[in-house]
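J.:
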Amino acid sequence: MDWGLILSNLFHDTIVFSTALIFAALGGLYSERSGVVNIALEGMMIIGAFTGAVMTFAFQDSLGAWAPWVGFIAAGIAGSIFALPHAVASVTFKADQTVSGVALNFLAAGLSIYLTKIIFDGAGQTPTLNSVFNKFSIPGLSEIPYIGHAIFEAYPTSFLAFIAVFVTWYVVFKTPFGLRLRSVGEHPRAADTVGINVKRMRYTAVMISGMLAALGGATISLTTTSNFSHNTVSGQGFIAIAALIFGKWHPMGAMGAALFFGVAQAIKSLVQIFGLTNYIPTEFIFMLPYVLTILVMAGLVGRSSAPAALGKPYDTGSR
Amino acid sequence: MNRVIAVFTKESFLVPAVAIILGLLTGAIAMLAGGFNPIDAYVALIKKVFGNAYNFGETIRQITPLIFTGLAVAFAFRTGLFNIGAEGQFIVGMIASTVVGVSFDLPAIIHAPLAILAGAVAGGLWGAIAGYLKAARGVNEVITSIMLNWVALYFANWIMNAFFIPAGKQTSEEVKDSAIITIGWLAEMFDNARLHWGTLIAVLAAIFFYIILWKTKSGFELRSVGLNPHASEYAGMNVNRNVVKAMFIGGMFAGIGGATEILGVFHYQAIMTQHTGYGFDGIAVALIGGNTPFGVILAAILFGVLTFGASGMQFSAGVPFELIRVVIASVIFFVAAHGIVKMFIKPILLKKKEGGN
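Line by line, the protein sequences are chains A and B.
Mapping of the first sequence onto our numbering: residues 1 to 319, in sequence order.
Mapping of the second sequence onto our numbering: residues 1001 to 1357, in sequence order.
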């Protein structure tokens, strides 16, 4: 048994499974750094997966290999529009942000299948797409034995996800926009006093959040599943929230956590490949990522420090 | 008469009522956009639920687990916790009651209550895990309870596969007759709709919810911790213990819900490929019901009528039943953003003020 090859495959699969989580966790990061709880990541991912699949389907005959890119971009736009009601409710109307997020999750689940049935004559899922993202190899680097397959051969969306991590880190910690974003999430009154428009910052953050989470959803339907159905996203938005908290609201941390969940998923498929299912019941293997999450959260994270104003609506008149 | 008007113009009543109307309107707009006739659809929905005895009975069956999971979420909410884990608690309740129902031979008077109790304890303990991790390790209960939902699903399948499902089958043996809580004579009156004692237990659970939270010392502590944990701690209350206790009691409600579903409706446990959905719907029920026991019952009725009637809507008016999720989502949204609703009811409130003076 070639352990190098096994490890190389494990790493490769980890990246595939983590991509969507990285996008969604980064999405959550923008919103929560601005002080708006975003439990609606799941719903935003669903909208992204749905829009990505439908738009790609619409354009795959005319645009061929470019169609998934159209679907991907459309998903981002749809996600930011879908996030708007959350911003309206939680910023303008000072609603309970968790409740508003729950509403969006319900809405996404219902609306996406409702529209799918209308568009595809009553079918509960989109047809299988014949044009989705293909794996992309970085010339030269991908020929390195083992490492090449593990790291430099991936869906283009995976490369974009890692770029997004660095962009997010730069934007949040190195730009004036990032400083305003964080100040609005830590101490909105102080931010307001120095002339930052708290509401506008929060609206922007929530919409960026919707865009990124939807991109995450689109990576699922446009890479691994090749269609959209009711269980395309199946809880990954919630795991992205866990990754965000686990990563202590830091882009690198969130990426690390997303990779951790990716490993748990990848190990799951490895165990099946190696026939260990004769020794371990399959149910325990399916349980693994979730149990690991709980153990790690309980053991490593401890009390994590959320942005100070997270979940608190900002009222101009309050002190 | 004035008192009646006063009740119906109270904000706690008006906001959800207007939110429901706005939700139905949103659904109507979505139907129009999809090329359907909303009036036909809603009429079909109502006809489905109230059209014949069997469907009416089945609607009641549908409402029952929603009351339990709604109470589970609402109870935790009252103590400042967000229990997304009602689904998992519901599942372990199903499992525990199946195990007791299948394995023991006891007189009915002991067996059925014991099976329900097993569901309650299992659900309670499952909820308490999230509570304990929050109290002892500071782990966000939202995350743990989501993860525990998935663990419960696979754990349930494992127990069933390993011990209770004969090889090559998809379902366990039926629970013993002595553990079944179906109400035979009532079911006959409703054309064999699956009516069971669980509905009565759900109402009793709501009363228990009310009494423990508002009429006991320990309920005062639970609510106090929910409103302000710091002040409660300063006042000498043990916040951590209350967190675990709240999650245990919340989990108990969901667990009983799972148990009565097995003992009253299915009588066996099947291998599950996905979640039952009752736990997640319970979140909506609790939110629409304003986290009060009476509100939860009303919201569960609304939710049950809409979801059960949705299949009729699909059958007679061609509207995909997922549309009803859009309606429910809009209702939750408008309940959350009651600021929007207040814009709509401002005229009513102003009139009331004038009338009152």
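Backbone N, C-alpha and C define an ideal beta-carbon position, used for all residues, glycine too.
Starting from S1097(B) and walking both ways along the alpha helix (DSSP H), at which residues does that stretch end?
T.: Start at 1 with the first residue of the second sequence, and residue 1097(B) comes out as number 97. Run containing S1097(B): 1086-1103, per the alpha helix (DSSP H) assignment.
J.: Is the stretch 1143-1159 of chain B in contact with the stretch 1076-1096 of chain B, if contact means three or more CB pairs nearer than 8 Å?
T.: yes
J.: Return yes when the C-beta of A75(A) is under 7 Å from any heavy atom of the ligand COA, and no when it is not.
T.: The ligand COA is not part of the structure shown, which contains no ligands of any sort.
J.: Chain B partners of Y203(A), CB-CB under 7 Å?
T.: As a position in the first sequence, residue 203(A) is number 203, starting the count at 1. The premise fails here: Y203(A) is roughly 15 Å from chain B at the closest Cβ pair, so nothing lies under 7 Å.
J.: Does the beta-carbon distance from G76(A) to H86(A) come in below 8 Å?
T.: Position 76 of the first sequence, counted from the first residue, corresponds to residue 76(A). Position 86 of the first sequence, counted from the first residue, corresponds to residue 86(A). No. Outside cutoff.
J.: Tell whether a beta-carbon distance below 8 Å holds between A108(A) and I39(A).
T.: Your numbering for residue 108(A) matches position 108 in the first sequence. Your numbering for residue 39(A) matches position 39 in the first sequence. No. Outside cutoff.
J.: Report the option in Y1234(B), P1016(B), T1144(B) whose CA atom is closest to the CA atom of G1131(B).
T.: Position 131 of the second sequence, counted from the first residue, corresponds to residue 1131(B). It is T1144(B) whose Cα lies nearest to the Cα of G1131(B).
J.: Below 8 Å between beta carbons: does that hold for A240(A) and G64(A)?
T.: On the first sequence, residue 240(A) is found 240 positions in, with the first residue counted as 1. On the first sequence, residue 64(A) is found 64 positions in, with the first residue counted as 1. In this structure, G64(A) does not lie closer than 8 Å to A240(A) by Cβ.
J.: Could you check what DSSP says for A1337(B) in three-state terms: helix, strand or coil?
T.: As a working mapping, residue 1337(B) is identified with position 337 in the second sequence. Reduced to three states, the DSSP call for A1337(B) is coil.
J.: Along the chain, which unbroken stretches of the alpha helix (DSSP H) at least 4 residues long are found entirely within the stretch 229-281 of chain A?
T.: 236-246, 251-273
J.: Does the Cβ of V167(A) have 16 or more other Cβ atoms within 10 Å, making it buried, or fewer, making it exposed?
T.: Within the first sequence, the letter at position 167 stands for residue 167(A). So V167(A) counts as exposed.
J.: Below 8 Å between beta carbons: does that hold for A1162(B) and P281(A)?
T.: Locating residue 1162(B) in the second sequence gives position 162, counting from the first residue. Locating residue 281(A) in the first sequence gives position 281, counting from the first residue. Pairing A1162(B) with P281(A) gives a Cβ-Cβ distance under 8 Å.
J.: Using DSSP with H/G/I as helix, E/B as strand and the rest coil, what is H1196(B)?
T.: In the second sequence, the residue the question calls residue 1196(B) occupies position 196. Residue state, collapsed to three classes: strand.
J.: Based on Cα-Cα distance, which residue from F1050(B), V1203(B), L1024(B), F1344(B) lies nearest to I1039(B)?
T.: As a working note, residue 1039(B) is residue 39 in the second sequence. Closest option to I1039(B), Cα to Cα, is L1024(B).
J.: Name the residues in the stretch 234-247 of chain A whose C-beta lies less than 9 Å from a C-beta of chain B; which are they?
T.: S234, G235, F238, I239, I241, A242, I245, F246
J.: Could you work out which residues of chain B lie near M287(A), taking near to mean beta carbons separated by less than 9 Å?
T.: Position 287 of the first sequence, counting from 1, holds the residue named residue 287(A). Near M287(A) (Cβ distances below 9 Å), the residues of chain B are W1150, V1151, L1153, Y1154, F1155, W1158.
J.: For Q1170(B), count neighbouring Cβ atoms within 10 angstroms of its own Cβ and tell me buried if that reaches 16, exposed if not.
T.: Taking the first residue of the second sequence as position 1, residue 1170(B) is located at position 170. That one is exposed.
J.: Under three-state DSSP, which class holds E1188(B)?
T.: The residue labelled residue 1188(B) in the question sits at position 188 within the second sequence. Three-state result, E1188(B): helix.
J.: Excluding sequence positions up to five away, which residues of its chain have a Cβ less than 6 Å from the Cβ of S142(A)?
T.: Residue 142(A) sits at position 142 when you count from the first residue of the first sequence. Correct list, in chain order: G148, F152, E153.
J.: What are the uninterrupted segments assigned as beta strand (DSSP E) that are 3 or more residues long and contained completely in the stretch 1251-1283 of chain B, given in chain order?
T.: none
J.: What span of residues does the alpha helix (DSSP H) with H1230(B) cover, start to end?
T.: Along the second sequence, read from residue 1 onward, the residue named residue 1230(B) stands at position 230. First-last of the alpha helix (DSSP H) with H1230(B): 1229-1234.
J.: Using a 10 Å radius around the Cβ and a threshold of 16 neighbouring Cβ atoms, would you call W66(A) buried or exposed?
T.: The count along the first sequence starts at 1 and reaches residue 66(A) at position 66. With fewer than 16 Cβ atoms within 10 Å of its Cβ, W66(A) is classed as exposed.
J.: Any C-beta of chain A within less than 8 Å: which residues of the stretch 1256-1289 of chain B qualify?
T.: Q1274, I1283, A1284, L1287
J.: Measure from the C-beta of F106(A) to each C-beta in chain B and report whether the shortest distance is under 8 Å.
T.: Mapped onto the first sequence, residue 106(A) falls at position 106. True, the Cβ-Cβ gap to chain B drops below 8 Å.
J.: Put I6(A) into one of helix, strand or coil per three-state DSSP.
T.: For this step, residue 6(A) is matched to residue 6 along the first sequence. Helix at I6(A).
J.: Kindly indicate which residue of V88(A), G4(A), F120(A), L10(A) has the alpha-carbon position closest to the one of M55(A).
T.: Along the first sequence, read from residue 1 onward, the residue named residue 55(A) stands at position 55. Taking only the C-alpha atoms, the option nearest M55(A) is F120(A).
J.: With a threshold of 6 Å on Cβ separation, who are the neighbours of Y1268(B) within its own chain once the five nearest residues in sequence on each side are excluded?
T.: Sequence index remark: in the second sequence, residue 1268(B) carries index 268 (1-based). Excluding residues within five positions, the ones whose Cβ falls inside 6 Å are T1171, S1172, E1174.
J.: Can you pull the chain B neighbours of Y114(A), defined as C-beta to C-beta under 8 Å?
T.: Position 114 of the first sequence holds residue 114(A). Those are A1030, G1034, P1320, E1322, L1323, R1325, V1326, listed as they occur along chain B.
J.: Run through chain A and tell me which residues come within less than 7 Å of M1147(B), C-beta to C-beta.
T.: Sequence index remark: in the second sequence, residue 1147(B) carries index 147 (1-based). Residues of chain A passing the Cβ test: Y290, T293, I294.
J.: Find the residues of chain A that neighbour I1332(B), judging by a C-beta separation of less than 7 Å, and give them in chain order.
T.: Along the second sequence, one-based indexing puts residue 1332(B) at 332. Per Cβ cutoff of 7 Å: V99, V102, A103, F106.
J.: Against chain A, does A1336(B) count as a neighbour if the rule is that its beta carbon must be under 8 Å from one of theirs?
T.: Translated into positions along the second sequence, residue 1336(B) becomes position 336. A1336(B) counts as touching chain A.
J.: In terms of DSSP beta bridges, what is F136(A) paired with?
T.: For the purposes of this step, residue 136(A) is taken as the residue at position 136 of the first sequence. In DSSP, F136(A) forms a bridge with A154(A).
J.: At 4 residues or longer, and completely inside the stretch 33-121 of chain A: list those alpha helix (DSSP H) runs for me, N to C.
T.: 41-63, 67-87, 97-119
J.: In chain B, which residues lie with their C-beta within 9 Å of the C-beta of N231(A)?
T.: Within the first sequence, residue 231(A) is the residue found at index 231, counting from 1. The contacting residues are Q1274.
J.: Which of the three DSSP states is assigned to R319(A) in this structure?
T.: Sequence index remark: in the first sequence, residue 319(A) carries index 319 (1-based). Because the pLDDT of R319(A) is 47, which lies under 50, any placement of that residue in the model is unreliable, and the number read from its coordinates should be weighed accordingly. In this structure, R319(A) counts as coil in the three-state DSSP scheme.
J.: Just to confirm my understanding: we take M1237(B), look at its own chain, exclude 5 residues before and 5 after, and list those with CB closer than 8 Å. What are they?
T.: Here residue 1237(B) corresponds to residue number 237 of the second sequence, with the count starting at 1. Excluding positions up to five away in sequence, the list reads E1221, S1224, V1225.
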